[in-house]
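A.B. asks:
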Amino acid sequence: MVIGILQVELRIEGADSLKDKRRVVASLKDRLHREHQVSVAEVDTQDIHRTATLGMAVVSTAVPHCQSVLDGILNKLRSGRGYVLANHRIEILSGAGKD
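Given below as structure tokens:
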């Protein structure tokens, strides 16, 4: 089993309130989940209206598949509208297999 983890920090352009931020974040979370079959959650900076920290996870049987999915998400986030990708971190965890 392989687990790919991606954490991103986004700067939300034009967000003047938490309501503005949540609208952008909710739409983005839904789209990433639907298009890439990953779990997505806001994991930090919930009370800062111009910054969003999202965590994503994908489970697979192969490292290249996990890396490909996470790279695809990063490419999409780099070209997004309404926010700027400020920072990211990828981690790939590989299980031992059968007991």
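For the sequence shown, this note's numbering gives the first residue as 2, with consecutive numbering after it.
Here a beta-carbon is modelled for each residue, glycine too, at the ideal position from N, C-alpha and C.
Only a predicted model underlies this, so the values are computations on that prediction, with no experimental measurement involved.
Which value, in whole angstroms, describes the spacing of the CA atoms of SER28 and VAL41?
C.D. replies: 11 Å
A.B. asks: Tell me the rounded alpha-carbon separation between VAL39 and TYR84.
C.D. replies: 20 Å
A.B. asks: Can you round the beta-carbon distance between ARG79 and LEU71 to whole angstroms, since I take them to be within the 8 Å contact cut?
C.D. replies: Contact flag wrong, Cβ pair sits at about 13 Å.
A.B. asks: Using alpha carbons as the reference points, say which of ALA16, ARG23, ASP17 and GLY56 lies closest to HIS34.
C.D. replies: GLY56
A.B. asks: Can you tell me whether LYS22 is buried or exposed? The criterion is at least 16 other CB atoms within 10 Å of its CB, across all chains shown.
C.D. replies: With 16 or more Cβ atoms within 10 Å of its Cβ, LYS22 is classed as buried.
A.B. asks: So, are the CB atoms of LEU19 and HIS66 less than 8 Å apart?
C.D. replies: no
A.B. asks: Would you call the CB atoms of ILE4 and VAL60 closer than 8 Å?
C.D. replies: Yes.
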